[in-house]
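First comes the structure, then the notes that go with it.
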């Protein structure tokens, strides 16, 4: 394989990490790690002829899909309990003004991260 593909995957993964550092909303917080993860999947299966590499890539892909679905489920719960907001500051404000006592744990966690 060419070294250019390898370096391109590393560059895109780094770009995904940089976008994650500047994320202000739930969509960016989901898309940036997915960009990073996709490149990581491709890099783990970079040596196509090695059976162990193919097995590791498949396991990593399945585990990444499961963790992404859990993340999206948590984001949907957060989206619903904040009143339909996707920006982080608006989510904090929505949870602060909420009268729902079942989200007190998330409310206190988000309040202490500012």
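Residue numbers (this note's numbering): 658 to 771. Just so it is clear, CB atoms sit at the ideal spot from N, CA and C, and this is done for glycine as well. Computed from a prediction, not measured in an experiment: that's the story for all the values here.
The alpha helix (DSSP H) enclosing residue i, as first and last residue numbers
i	result
residue 744	Residue 744 -> no alpha helix (DSSP H), and no H or E assigned at all.
residue 673	660-678
residue 692	683-701
Proximity to residue i [Cα-Cα], best of the options
i	options	result
residue 700	686, 725 and 715	715
residue 738	729, 730, 711 and 751	751
residue 736	662, 726 and 748	748
residue 724	674, 691 and 666	691
residue 822	677, 697, 698 and 681	For residue 822 there is no data in the structure shown, the boundaries of the chain being 658 and 771.
residue 728	683, 660, 740 and 679	683
residue 745	680, 675 and 667	680
residue 660	704, 726 and 734	704
residue 697	708, 663 and 726	663
residue 695	753, 742, 754 and 673	673
For residue j and residue i, believed in contact at Cβ under 8 Å, the rounded distance
i	j	result
residue 693	residue 670	5 Å
residue 710	residue 702	6 Å
Coil, strand or helix - residue i by DSSP
i	result
residue 716	helix
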